[in-house]
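Undergrad: Provided herewith is a single structure, encoded as structure tokens, for subsequent inquiry.
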Amino acid sequence: MADLSDYWPKAVAHLAKPLSVDDADEVTVAEISEAPVNGYRGFRKATTALVPIDRLDDVLKHPGGIGHEVQSWGPMPCVREGQTYSTSFWIDGRKGTDERFETFVQAWSRHNRDVQLPDNIFLMTYGLVPRYLSDGVVCWDDPHGPVYDVVRVKSHIDWDNKPDEPLSFISVRRDYLEDYCHLKQCAAVQVYYEERFSADDKTFGEALRGEEGAEFHLPGRLLDMGFLTDSYHGEAPQMSRVWGARLLLKPERRPITDAEDPELVWPGDTVPMTYQIAASKRLYGYVRDEVLQQYQGRAEYQIHPDSGGVNYGGWWATSRTHRVGRNHIRVELKKLYEGCPPHVISHWHKFAVPESIANRDKEQHGTNNIAERAHRLIDAFLSLTATLQQLSEELGLGFSQVEIGSLSTEEVAYIGWWKCSVAESLFAVAPLAMTREQFLERALAVVKLIELLKPGPLRTMALKLGVPKEAIKDFQSLKLLACLCQLANIAREEGFHLLQDASLVVPKWQRTLELPSLVSLFAVQGLRIAQAHTPGSNRDASIASAASRLGIDVAAMAGGWGYAVDTMYDCLARDLEMTDHLLSATFVR
0 MADLSDYWPK
10 AVAHLAKPLS
20 VDDADEVTVA
30 EISEAPVNGY
40 RGFRKATTAL
50 VPIDRLDDVL
60 KHPGGIGHEV
70 QSWGPMPCVR
80 EGQTYSTSFW
90 IDGRKGTDER
100 FETFVQAWSR
110 HNRDVQLPDN
120 IFLMTYGLVP
130 RYLSDGVVCW
140 DDPHGPVYDV
150 VRVKSHIDWD
160 NKPDEPLSFI
170 SVRRDYLEDY
180 CHLKQCAAVQ
190 VYYEERFSAD
200 DKTFGEALRG
210 EEGAEFHLPG
220 RLLDMGFLTD
230 SYHGEAPQMS
240 RVWGARLLLK
250 PERRPITDAE
260 DPELVWPGDT
270 VPMTYQIAAS
280 KRLYGYVRDE
290 VLQQYQGRAE
300 YQIHPDSGGV
310 NYGGWWATSR
320 THRVGRNHIR
330 VELKKLYEGC
340 PPHVISHWHK
350 FAVPESIANR
360 DKEQHGTNNI
370 AERAHRLIDA
380 FLSLTATLQQ
390 LSEELGLGFS
400 QVEIGSLSTE
410 EVAYIGWWKC
420 SVAESLFAVA
430 PLAMTREQFL
440 ERALAVVKLI
450 ELLKPGPLRT
460 MALKLGVPKE
470 AIKDFQSLKL
480 LACLCQLANI
490 AREEGFHLLQ
500 DASLVVPKWQ
510 RTLELPSLVS
520 LFAVQGLRIA
530 QAHTPGSNRD
540 ASIASAASRL
550 GIDVAAMAGG
560 WGYAVDTMYD
570 CLARDLEMTD
580 HLLSATFVR
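In terms of numbering that gives the first Met the number 0, the sequence shown opens at residue 0 and continues consecutively.
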């Protein structure tokens, strides 16, 4: 084996392959790992140097490679009197020169601890902000997008108490790394140390030519090989160690700094839309309302359900949006291109449909979308709790609306109905193709609205009317509401006043009487109970039974459960309104 320029021992042969990151969303720029590779145990430590592009080829071909670790004066630097402490981090260049390369990673060791952090200048360049995860990983996000996980860092190793693999890593979104490298006019070069142990490499002895060990200065790397004779390495005595450098990324453009509006053709157009075209006349795009799902459940976004618009903390907003039919949103393209970054425009375009489809939706469904239904449901609940508050006052109890139902009509009107505590899960998009389990999750959201009713005030009102304490001692909110409604129903049928004639009404009370206006409320409770059951035929039967009480035929939901959500909302809103009218009619004169 005369020429070892292209030789790699079997245990480290994976290092011969070029790093392919062209199609990757994120790139690992630093790593410490003890994970096996191809079955060979060992150790790996890698970091990233920023190498000026005009020196890149020489660095990658240099015999023995370049430095493989981040250098600094610390920790605990030795600084003589009169000497200025240099706070730089660097990676040594080619041997025999005083060359130093800027490092993308700041790292140091202290006793049995290792620390790796991303360069603060990079973090500052894009205004990144940290987000801390429970597993110790710190994510750095770009709030302008927002773009999440621009950088992910597991920064610290205590070698006496090692974490799970990977021990430590820093990964960066490829587009941000390329942008930064272009700004620096540098290529990202991975420098690493890796050692592996093997027993099955038949070329090992041939490469050593009878020696126990040898060191080879090869293009871009230093290779050290040797046979180990201690008992610990008895099963894998072939040791291969490499200190190397290989290209991670050579920048070609600035995808972040020079981000441009994407060239997208909207349905009905023949050429890509631009801001100039959109601003020249009033043009609209039509999208499925599933476009909003990306923003649901995330506190940084404010969704305006009535219009279908989104606001991201003043960074950007999709203004001049308008709901069309059940499933679509119309957006003025001038405002979309004017007020939103490119990735937001691209996201909305993914859900684009021809105007004819949106109009057909409107013809079929009118304007009754999920926001309209959620709004009606919340209004019906507030009207009911306002009536219960009035009943409380008539009984001399003085409970407030908030004490009865957790929400205040006045407060909800002030902040906007969509901002009350339970609203977001109610106005979340309900695609026609949603699954049964998604339907059941929506039923849970409805139950949370009903459960805002508090049992204490309802029980006190029932007792004040003369209902025996023992009869309702185990009742919770829904059954207590049913009790009050059953009494009101008796008063209505008998021509009594609920309060003034309570002594005549209560003796006629039948606790098992099912009122039509309460069927849907108990049916939704049934769905919640069924949802918690273990999957099986019994669960399926329970779901079908509860759904049928809402007028939902599960057999007709094969194409999706979106219409089942519509039916559930409509039934509940109607029944809450009927319950409100039933109560108020029997004590308001």
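The beta-carbon is built from N, C-alpha and C at its ideal position, and this holds for glycine as well.
#1: Taking just the CA atoms, how far does P250 sit from S167?
#2: Just to confirm the assignment, what range does the beta strand (DSSP E) spanning Q237 have?
#3: For Q301 and A316, I'd like the C-alpha separation in whole angstroms.
#4: Can you tell me where the beta strand (DSSP E) with G455 in it begins and where it stops?
#5: Exposed or buried, which one is S391 when buried takes at least 16 other CB atoms within 10 Å?
#6: Give a yes or no on contact between the stretch 319-332 and the stretch 360-370, applying the rule of three or more CB pairs nearer than 8 Å.
#7: Flag this pair as touching only if the stretch 144-157 and the stretch 171-186 have three or more C-beta atom pairs under 8 Å; answer yes or no.
#8: Can you list, in chain order, the residues of its chain with a C-beta nearer than 7 Å to that of P266? Leave out the 5 residues immediately preceding and following it.
#9: Quick check on this structure: which residue in Y562, A278, L464, R287 has the alpha carbon closest to the alpha carbon of N358?
#10: Taking the continuous alpha helix (DSSP H) assigned at R54, which residues delimit it?
#11: Whose C-beta lies closer than 6 Å to the C-beta of W72 among residues of the same chain, with five residues either side of it excluded?
#12: Could you give the first and the last residue of the continuous beta strand (DSSP E) run that contains S279?
#13: Quick one: what does DSSP say D539 is sitting in, helix, strand or coil?
#14: Got a sec? Which residues, its chain only, sit under 6 Å from S345 by beta carbon, not counting five neighbours each side?
#15: Are there 16 or more other CB atoms within 10 angstroms of the CB of G312, so buried, or fewer, so exposed?
#16: Report the residue ranges of all alpha helix (DSSP H) runs contained in full by the stretch 128-202; include only those spanning at least 4 residues, in chain order.
#17: Please state whether the Cβ-Cβ distance between V11 and R195 is less than 9 Å.
#18: Take the Cβ of D200 as the centre, count every other Cβ of all protein chains shown within 10 Å, and call the residue buried at 16 or more, exposed below.
#19: Could you give the first and the last residue of the continuous beta strand (DSSP E) run that contains A113?
#20: Select from L222, F226, E164 the residue whose C-alpha is nearest the C-alpha of E210.
#21: Check N37 in the structure and name its three-state DSSP category.
#22: Residues in its own chain within less than 8 Å of V523 by CB, not counting five upstream and five downstream?
#23: Are the CB atoms of L581 and C482 within a distance shorter than 9 Å?
#24: Terminal residues of the continuous beta strand (DSSP E) containing S108?
#25: Exposed or buried, what is D565 when buried is set at 16 or more other beta-carbons lying within 10 Å of its beta-carbon?
#26: Taking buried to mean at least 16 other C-beta atoms within 10 Å of its own C-beta, is Y191 buried or exposed?
#27: In angstroms with no decimal places, state the Cα-to-Cα distance between L464 and L498.
#28: Report the rounded CA-to-CA distance for I90 versus L59, giving the unit in angstroms.
#29: Using only CA atoms, which one of A186, N37, E289 lies nearest to D57?
#30: I'd like to know if the stretch 387-403 and the stretch 417-426 are in contact, where contact means that at least 3 CB-CB pairs between them fall below 8 Å.
#31: Would a C-beta distance cut-off of 9 Å place W416 and D378 closer than the cut-off?
#32: Which residue from V264, S239, E576, R329 puts its Cα closest to that of D305?
#33: With a CB to CB cut of under 7 Å and the five nearest residues on each side skipped, what residues in its chain are close to W602?
#34: Can you say whether Y231 is buried or exposed, counting buried as having 16 or more other CB atoms within 10 angstroms of its CB?
#35: By the three-class DSSP mapping on this structure, what secondary structure does T408 have?
#36: Could you compute how far the alpha carbon of N111 sits from the alpha carbon of A258?
TA: Quick answer:
#1: Here residue 167 is taken as the residue at index 168 of the sequence shown, counted from 1. Here residue 250 is taken as the residue at index 251 of the sequence shown, counted from 1. Distance between the alpha carbons of S167 and P250 is about 26 Å.
#2: Residue mapping note: residue 237 aligns to position 238 of the sequence shown, counting from 1. Counting along the chain, the unbroken beta strand (DSSP E) around Q237 starts and ends at 237-248.
#3: On the sequence shown, position 302 is the one that residue 301 refers to. On the sequence shown, position 317 is the one that residue 316 refers to. For the pair Q301 and A316, the Cα-to-Cα distance works out to about 9 Å.
#4: As a working mapping, residue 455 is identified with position 456 in the sequence shown. Taken as a continuous stretch (DSSP letters only), G455 belongs to no beta strand (DSSP E), being part of the alpha helix (DSSP H) at 454-464.
#5: If you number the sequence shown from 1, residue 391 lands on position 392. Label assigned to S391: buried.
#6: With three or more CB-CB distances shorter than 8 Å, the stretch 319-332 counts as touching the stretch 360-370.
#7: Touching, yes.
#8: Reading the sequence shown from its first residue, position 267 is the one you call residue 266. Cβ neighbours of P266 beyond the five flanking positions: A351, V352, P353.
#9: Here the question's residue 358 lines up with position 359 in the sequence shown. Taking only the C-alpha atoms, the option nearest N358 is R287.
#10: Position 55 of the sequence shown, counted from the first residue, corresponds to residue 54. Looking at the DSSP string, R54 is not in any alpha helix (DSSP H), and its letter there is neither H nor E.
#11: Here residue 72 is taken as the residue at index 73 of the sequence shown, counted from 1. Only residues of its own chain outside the window of five on either side were considered, and among them S85 have a CB closer than 6 Å to the CB of W72, listed in chain order.
#12: As a working note, residue 279 is residue 280 in the sequence shown. For S279, no beta strand (DSSP E) encloses it; the enclosing alpha helix (DSSP H) starts and ends at 274-279.
#13: For the purposes of this step, residue 539 is taken as the residue at position 540 of the sequence shown. Looking at D539 - three-state DSSP - the assignment turns out to be helix.
#14: By one-based count along the sequence shown, residue 345 stands at place 346. Answer for S345: P261, listed in chain order.
#15: Residue mapping note: residue 312 aligns to position 313 of the sequence shown, counting from 1. Exposed, because fewer than 16 other Cβ atoms sit within 10 Å of the Cβ of G312.
#16: Secondary structure in the stretch 128-202: the alpha helix (DSSP H) runs of 4 residues or longer, each lying completely within the stretch, are 173-183 in chain order.
#17: Looking up residue 11 in the sequence shown gives position 12. Looking up residue 195 in the sequence shown gives position 196. The answer is yes: Cβ separation under 9 Å.
#18: On the sequence shown, position 201 is the one that residue 200 refers to. Its Cβ being crowded by 16 or more others within 10 Å, D200 is buried.
#19: Here residue 113 refers to the residue found at position 114 of the sequence shown. In the sequence under discussion, the amino acid at residue 113 is Asp, which differs from the Ala named in the question. Per DSSP, D113 is one residue of the beta strand (DSSP E) stretching across 112-117.
#20: Counting from one through the sequence shown, the residue named residue 210 turns up at place 211. Considering only L222, F226, E164, the residue with the shortest C-alpha distance to E210 is F226.
#21: Numbered from 1 along the sequence shown, position 38 holds the residue referred to as residue 37. Look at N37 here: in three-state DSSP terms it is coil, with no helix or strand label.
#22: As a working note, residue 523 is residue 524 in the sequence shown. These residues qualify, in order along the chain: A442, V445, V446, I449, A545, L549, M567, L571.
#23: As a working note, residue 482 is residue 483 in the sequence shown. As a working note, residue 581 is residue 582 in the sequence shown. No; because the gap between Cβ atoms is not below 9 Å, this pair is not in contact.
#24: In the sequence shown, counting from the first residue as 1, residue 108 sits at position 109. Per DSSP, S108 belongs to the beta strand (DSSP E) from 104-109.
#25: Numbered from its first residue, the sequence shown carries residue 565 at position 566. With 16 or more Cβ atoms within 10 Å of its Cβ, D565 is classed as buried.
#26: Along the sequence shown, read from residue 1 onward, the residue named residue 191 stands at position 192. The residue in question, Y191, is buried, as its Cβ has 16 or more Cβ neighbours within 10 Å.
#27: Within the sequence shown, numbered from 1, the residue matching residue 464 stands at position 465. Within the sequence shown, numbered from 1, the residue matching residue 498 stands at position 499. Straight-line measurement puts the Cα of L498 at about 7 Å from the Cα of L464.
#28: By one-based count along the sequence shown, residue 90 stands at place 91. By one-based count along the sequence shown, residue 59 stands at place 60. Distance from the CA atom of I90 to the CA atom of L59, rounded to whole angstroms, is 14 Å.
#29: The residue labelled residue 57 in the question sits at position 58 within the sequence shown. Nearest neighbour of D57 by Cα position, chosen from A186, N37, E289, turns out to be A186.
#30: Because the criterion of three Cβ pairs below 8 Å is not met, the stretch 387-403 and the stretch 417-426 do not touch.
#31: Residue numbering aside, residue 416 sits at position 417 when the sequence shown is read from its first letter. Residue numbering aside, residue 378 sits at position 379 when the sequence shown is read from its first letter. Contact flag set, yes.
#32: Residue numbering aside, residue 305 sits at position 306 when the sequence shown is read from its first letter. Measuring from the Cα of D305, the nearest candidate turns out to be R329.
#33: Lying outside 0 to 588, the shown extent of the chain, residue 602 is not represented and no answer is given.
#34: Here residue 231 refers to the residue found at position 232 when the sequence shown is read from its first residue. Y231 should be labelled exposed.
#35: Sequence index remark: in the sequence shown, residue 408 carries index 409 (1-based). Helix at T408.
#36: Residue mapping note: residue 111 aligns to position 112 of the sequence shown, counting from 1. Residue mapping note: residue 258 aligns to position 259 of the sequence shown, counting from 1. The straight-line gap from Cα to Cα measures roughly 44 Å.
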